[in-house]
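> This structure is in structure tokens; I'll ask about it shortly.
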Amino acid sequence: MIPQAFDYYAPTSVADALRLLRRHGDEAKLLAGGHSLLPIMKLRLSTPQCLIDLGRISELRFISEADDGGLAIGAMSTYHDIKNSALVQERVPALAAAAGEVGDVQVQNKGTIGGSLAHADPAGDFPALALALNFELVTATARSGRTIAIDRFFRDLLTTALRPNEILTEIRVPALAAGTGVAYKKLPNKASHYAVVGVAAAITVGDDGVCTDARIGVTGAGPTAVRARNTERILKGKHVDAAVIRRAANRAAANIEDLNDDLHASAEYREHLTTVFAARAIEEALSRAG
Amino acid sequence: MIAGQVSKLIGSRVKRKEDPRLITGEGKYTDDVMLPGMAYFAVLRSPYAHARIDGIDTSAAAASPDVLAVLTGAEINERCAEPFPLFAILEGMQYPERWPMAATKANYVGEPVAVVVATSRAAARDALDLIEVDYEPLPVVTDMETAADADQPVIFAEMGSNLCYEASDQAGDPDRAFAEADGVVEARMEQPRLIPNPMEPRATVAEYERSSGNATLWVTTQNPHIERMVAAKMLGMPENKLRVIAIDVGGGFGCKINTYSESLIAVILAREVNRPVKWAEDRTEHFVSTSHGRGQAQYVQAAYKKDGTLLGMKLKIYADLGAYAQVISHVIPTLTPSLAPGVYGCRDIGWTTIGVFTNKIPYDAYRGAGRPEAAYIIERVMDLIADATGKDPVAVRRKNFIPKDAFPYETPTGMVYDSADYDAALDKALEIAGYDDLRAEQKAARKDGKLMGIGVTVTTEVCGFGPAASTGGLGGFESATVRVDPMGKVTVLTGASPHGQGEETSFAQIVADDLGVPFEDVEVIHGDTSIVARGVGTFGSRTLVVGGTAILKANEQIKDKATRIATALLENKLEDTLDPQLVTLEDGLFSVQDMPDQYVTWAEVGSEAYDGQLLPEDEQPGLEAVSFWEPPGLTFPFSAHIAVVEIDQDTGEVSLKRYVSVDDCGTVINPTLVEGQIHGGLAQGIGQALLEQAVWDEEGQLVSGSLMDYAMPFAQEFPMFELDRTVTPSPVNPLGAKGIGEMATISATPTVANAVVDALSHLGVTHVDIPMTAERIWRVLQTHGRSRRGGRS
Ligand SMILES: Cc1cc2nc3c(=O)[nH]c(=O)nc-3n(C[C@H](O)[C@H](O)[C@H](O)COP(=O)(O)OP(=O)(O)OC[C@H]3O[C@@H](n4cnc5c(N)ncnc54)[C@H](O)[C@@H]3O)c2cc1C
């Protein structure tokens, strides 16, 4: 468990980090909490020549209110920061609660929201929440930067829309529309506590009890986190009762191709779990909605 | 208890002496050893489960910076005098010769192939990547049940097959029992292989002195003296030139009994590069370089009468030994049929044990070693009979118990149970659990369409090994040296080297009580063969039973001599002669009968023992005694456990709601230490029931090869354990102790398994294999149907 030798840089500003990134190009890797990157380096599955540690860049670690009343979270905010933030607890309690379900205390103390999204582990918890909560990802490059909608972010197994020269700097969590309830439910992998399958639901219910919007993010089931669009469609415009939930949840895995099939769960079981946790997440989100 | 002694410390919750040291980082684990000029070695391991080695090119690695030497398997083996010794060879058994490393053929993933020694850990690791090995992959054997079939590839050509042994025997007349039975239950039961994962992985440090030829080996072992014996033999050195040190060892569970290749490699490399060398296993390496446990397929048939009586059993047990037998690993599966009668009076049993070699890392002892597999069989059988006869599992057990007046009781399989009262333990467990209420609750839960299960077991196991015959050549004794110094303080040297059990505390309690000295005045030293001359070690829950008694025996000599010295001191004081019979030791003072104010202390006696001016003429100076003690028989702790589980029908997840553990380990020296052993034991046994399993693919690759893939329980997954005990002293040692290291692990697995099957029994489920993972239970529910409100109950 000794990684190959590498150079180590610890810049204190995003600008410096970008300069280093440009200088070292493909040979460099950004280091956030290190809880995904370092294990694969220790196994020598990843052998970067140079690590650029974002850990000393204080401008990347913050949680504040955004102009639209939503949240702006610095990429280097840890799960621990998010779990304990009064602002997150007030605005999106389900996100704070989910941060407390990631791995264990050590992982929560080191792992970051930026690292989790950039790494895009197929079993990561935050990718499901990111989809349900419609995160916007703010990035910086040496030249400029951009904002990436979450729906365009997860591309393939461990692959995102981020370019090698790009740093994810900030995560925007749009303000929840009135009447929105959010919930995240997962079956934890008994070894790692990653999600075998996890489903996040954000459901908006109008005064008349009709579902006006639904975003469902599923993680663990396939190579990337995805939205359960069939499920969303069934919920929207309906007065959601038990029968609707069942019908909607049963379709939660319908658009997931290449269901994961491994030591931890067969594809068949994952498909089933997706429907179970979709139902549970929807039920709980509904109980908080309206 | 110790006859005529008022005990003060024995039985009390003395805090562990070793904890301040361990908690503040002052422990002396092998990897903490730092020596000037230390070099580090790394081991290249076979990535194939079975492959011929056609060539190894080490030139690039040897030329790599900071590398001191690179040796191939053949080069290491050449430097050994003998292959690994095996003990307790079974009749008709065949086995391959095993050397420290693979030279011409690798037989499991992880087998050492080459080693690099360098000036840093990182440099050694880097150079591994530069070694080129020309492997020719060979067909692989992974399935224990077919491994010995004629059409399977043969791992060791000279053996002609992969069969290590097939041992059949019977007691009584099982055929008659089956003919007379009202019915027969049967099942195939799987005991997955488990990966021990002690907190401290293995490590070794070696130093070699060229001028004298003396070597010192620091190593993570449960038994430094056996390590010395094996390593000295293999290295062709006299035992008295090899010093083995294992001061603090962070858990072992059996996987640190074996002498591993790395110990021999370390000494060889230290000699080769003329520097001390160190190797420390990392966690991922542990999975493929340290022996695994369990690994059986069990075919079980049990004949019963309608009233629930177990009449007879027929067992066929396959044991997956892995690629090699080691120490006494091959004998462990034979303990399974030996203990299969459990706590029950069944006399007619037939069994076949088939040990086979496969292309997997060797198997060895793992907490319970052979007995958990037995307890699992018999306790599942009791539930199968309960199910078949429609009786309560508690009633079926009681019907079959060996009665309490039958002890010592010789089982049909040749074990002599020392003492027990199974009803008493069961009564206590049922009362704590509120068994009748639980059954009522279960009924209601089923009406509600919920799955709740109650598992009950009553188990026993064998421990306190020896006598000598019980360890097959490793020795059945333990040694103790007790020394009183001129200040009256006591030093105890024990051969029973612990690896986390807390003997520095429990042994000090025994000595403090027995000699009447303060607990703080007793130092217990272990784990260094140059200080503690001989010993056997800590395994099979033998330490307190055998090691503790050895100390009592040494104390006897100490007390005799101390009393003689005290008599001389008192005579001098009183200026009179005394009848030595009148001088007694009480509360740490030697006093004259009827003259309570005329006494001498241990400090005075200790001082005189070395000063010596007042010693009687026929008395030599010194106050030190050595004793070797071998028990006349084995001990059999027992327990009654009850688990309550609930099952989430949607996901198949099992959650453990309650766990009641009533254990009887005879005399309890320190309840805190005993409870610690039970807590850890339960965690392991429950983990085995619900989570743990080593998984291989067809190529013999370990798929569950890291802690991200191999699930072990987290503390948060357990309810508060509800512990209690009964105390049935053992008659085979003066302490009355039975051993508690393995009991809870042994019981917990079948208890939880029984609870899960019980939760599903109304759906027609009679057996589910362990580990009872969520997916496995979900699949059972898929085939048997869910429990529905108002449905079957
Ligand atoms: C034992 C254990 C258990 C775990 N359990 C869980 C769990 O239950 N649920 C779960 O979701 N996760 C779990 N994780 C993973 C954990 O959440 C990781 O910390 C997280 O996925 C990655 O975050 P990080 O900050 O550690 O990123 P790092 O490991 O430092 O980086 C991950 C990747 O993202 C890139 N990266 C990081 N930050 C940026 C950035 N700002 N811009 C661009 N690229 C960036 C890095 O270059 C790297 O490729 C577990 C990890 C461990 C070790």
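Top line first, the protein sequences correspond to chains A and B. Take 192 as the starting number for the first sequence in my numbering and just add one per residue. Take 399 as the starting number for the second sequence in my numbering and just add one per residue. For glycine and all other residues, C-beta sits at the position ideal for the given N, C-alpha and C. Here the structure is a predicted model, which is why all the values come from computation and not from measurement.
Does the stretch 1041 to 1051 of chain B come close enough to the stretch 842 to 850 of chain B that 3 or more CB-CB pairs lie under 8 Å?
Taking 8 Å as the limit for Cβ pairs, the verdict is that the stretch 1041 to 1051 of chain B does touch the stretch 842 to 850 of chain B.
> Along chain B, in chain order, which residues have C-beta atoms closer than 7 Å to that of L349(A)?
The sequence position of residue 349(A) within the first sequence is 158, counting from 1. Residues of chain B with a Cβ closer than 7 Å to the Cβ of L349(A) do not exist; the shortest Cβ-Cβ separation is about 15 Å.
> Going by C-alpha distance, which of M192(A), A201(A), K377(A) and D347(A) is nearest K233(A)?
Here the question's residue 233(A) lines up with position 42 in the first sequence. Cα-wise, what sits closest to K233(A) is M192(A).
> Tell me K377(A)'s beta-bridge partners as DSSP assigns them.
In the first sequence, the residue the question calls residue 377(A) occupies position 186. Beta-bridge pairing links K377(A) to G389(A).
> Using a beta-carbon distance cut-off of less than 8 Å, what residues from the stretch 510 to 529 of chain B approach chain A?
R519, A520, R523, D524 and D527
> Excluding the 5 residues flanking A386(A) on each side, which residues of the same chain have their C-beta closer than 6 Å to its C-beta?
As a first step, residue 386(A) must be located in the first sequence, where it is residue number 195. Excluding residues within five positions, the ones whose Cβ falls inside 6 Å are A314, D316, K377, T410 and G411.
> Kindly list, in the order they appear in chain B, the residues whose Cβ is closer than 7 Å to that of I193(A).
Residue 193(A) sits at position 2 when you count from the first residue of the first sequence. Per Cβ cutoff of 7 Å: R519, A520 and R523.
> Does the beta carbon of V1101(B) sit closer than 7 Å to a beta carbon anywhere in chain A?
By one-based count along the second sequence, residue 1101(B) stands at place 703. Output row for V1101(B): interface = yes.
> If I measure Cβ to Cβ from A206(A) and keep anything under 8 Å in the same chain, skipping five residues before and after, which residues do I get?
Taking the first sequence and counting its residues from 1, one reaches residue 206(A) at position 15. Apart from the 5 residues on each side of it in sequence, A206(A) has no Cβ closer than 8 Å to any other Cβ in its chain.
> Find the residues of chain B that neighbour K381(A), judging by a C-beta separation of less than 9 Å, and give them in chain order.
Translated into the one-based positions of the first sequence, residue 381(A) becomes position 190. Under the 9 Å cutoff, chain B gives L1088, L1089, A1109, M1110, P1111, F1112, E1115, T1171 and A1172.
> Below 7 Å CB to CB, which residues in the same chain sit around N421(A) once its five sequence neighbours on both sides are set aside?
Working through the first sequence from its first residue, we reach residue 421(A) at position 230. These residues qualify, in order along the chain: R442, A445 and N446.
> Taking 6 Å as the cut-off, does the CB of A266(A) come closer than this to any heavy atom belonging to ligand 1?
Locating residue 266(A) in the first sequence gives position 75, counting from the first residue. Yes, Cβ of A266(A) sits closer than 6 Å to a heavy atom of ligand 1.
> Using the beta-carbon of each residue, which ones in chain B are nearer than 8 Å to A386(A)?
In the first sequence, counting from the first residue as 1, residue 386(A) sits at position 195. None at all; the shortest Cβ gap to chain B is about 13 Å.
> DSSP on F468(A), reduced to helix/strand/coil?
Taking the first sequence and counting its residues from 1, one reaches residue 468(A) at position 277. Helix, per DSSP.
> Taking D1122(B) and I830(B) to be in contact with their CB atoms under 8 Å, please state how far apart those CB atoms are, rounded to whole angstroms.
One-based indexing of the second sequence puts residue 1122(B) at position 724. One-based indexing of the second sequence puts residue 830(B) at position 432. About 6 Å; that satisfies the 8 Å criterion.
> Using a C-beta to C-beta distance shorter than 7 Å, which residues of chain B count as neighbours of V467(A)?
Start at 1 with the first residue of the first sequence, and residue 467(A) comes out as number 276. What V467(A) touches in chain B: D1048 and T1049.
> Which two residues bound the contiguous beta strand (DSSP E) that contains D452(B)?
For the purposes of this step, residue 452(B) is identified with residue 54 of the second sequence, where counting begins at 1. Run containing D452(B): A449 to D455, per the beta strand (DSSP E) assignment.
> Quick one: what's K220(A) bridged to in DSSP?
Locating residue 220(A) in the first sequence gives position 29, counting from the first residue. Per DSSP, L242(A).
> So, helix, strand or coil for V890(B), using DSSP?
For the purposes of this step, residue 890(B) is taken as the residue at position 492 of the second sequence. Note: V890(B) maps to strand in three-state DSSP.
> Can you check which of these residues, Y533(B), Q620(B) and V686(B), is closest to Q1099(B) by C-alpha distance?
Locating residue 1099(B) in the second sequence gives position 701, where the first residue counts as 1. Of Y533(B), Q620(B) and V686(B), the residue nearest in Cα terms is V686(B).
> Output yes or no for whether 7 Å exceeds the beta carbon distance between A545(B) and L442(B).
Locating residue 545(B) in the second sequence gives position 147, counting from the first residue. Locating residue 442(B) in the second sequence gives position 44, counting from the first residue. Against a cut-off of 7 Å, the Cβ pair of L442(B) and A545(B) comes out as no contact.
> Using the beta-carbon of each residue, which ones in chain A are nearer than 7 Å to L1054(B)?
Here residue 1054(B) refers to the residue found at position 656 of the second sequence. Result: empty, since nearest Cβ-Cβ is about 13 Å, beyond 7 Å.
> Which value, in whole angstroms, describes the spacing of the CA atoms of F576(B) and L709(B)?
In the second sequence, residue 576(B) corresponds to position 178, counting from 1. In the second sequence, residue 709(B) corresponds to position 311, counting from 1. Cα to Cα, F576(B) sits roughly 7 Å from L709(B).
> For the pair the stretch 712 to 731 of chain B and the stretch 751 to 760 of chain B, tell me if three or more CB-CB distances fall below 8 Å.
yes
> Look up D718(B) in the DSSP assignment and give the residues it is bridged to.
Locating residue 718(B) in the second sequence gives position 320, where the first residue counts as 1. Its beta-bridge partners are V754(B).
> Please state the DSSP three-state secondary structure of W749(B).
Looking up residue 749(B) in the second sequence gives position 351. Three-state result, W749(B): strand.
> Roughly how far, in whole angstroms, is the beta-carbon of A470(A) from the beta-carbon of R437(A), given that I think they are within contact range, below 8 Å?
For this step, residue 470(A) is matched to residue 279 along the first sequence. For this step, residue 437(A) is matched to residue 246 along the first sequence. Indeed they touch by this definition, with Cβ atoms about 7 Å apart.
> Taking 6 Å as the line, does the beta carbon of Y385(A) fall inside it for any heavy atom of ligand 1?
If you number the first sequence from 1, residue 385(A) lands on position 194. Result yes, Cβ under 6 Å from ligand 1.
> Could you name the residues of chain A that R681(B) contacts, counting a contact when the two beta carbons are closer than 8 Å?
Counted from its first residue, the second sequence places residue 681(B) at position 283. M192, listed in chain order.
> Check the Cβ-Cβ distances between A288(A) and every residue of chain B, and say whether any is below 7 Å.
Counted from its first residue, the first sequence places residue 288(A) at position 97. Closer than 7 Å: no.
> Fully enclosed by the stretch 849 to 928 of chain B, which alpha helix (DSSP H) runs are 4 residues long or longer?
Listed in chain order, the complete alpha helix (DSSP H) runs (minimum 4 residues) inside the stretch 849 to 928 of chain B are 901 to 913.
> With T602(B) as the anchor, note down where its beta strand (DSSP E) starts and where it stops.
Position 204 of the second sequence, counted from the start, is the residue given in the question as residue 602(B). Annotation: the continuous beta strand (DSSP E) that includes T602(B) extends over A601 to E607.
> Would the beta-carbon of I362(A) be found less than 6 Å away from any heavy atom of ligand 1?
For the purposes of this step, residue 362(A) is identified with residue 171 of the first sequence, where counting begins at 1. The closest heavy atom of ligand 1 lies 6 Å or more from the beta carbon of I362(A).
> Using alpha carbons as the reference points, say which of I949(B), Y815(B) and P865(B) lies closest to R881(B).
Looking up residue 881(B) in the second sequence gives position 483. Out of I949(B), Y815(B) and P865(B), I949(B) has the C-alpha closest to the C-alpha of R881(B).
> Just verifying my parser: in three-state terms, what is the DSSP assignment at K712(B)?
Within the second sequence, numbered from 1, the residue matching residue 712(B) stands at position 314. DSSP places K712(B) in strand when its eight states are reduced to three.
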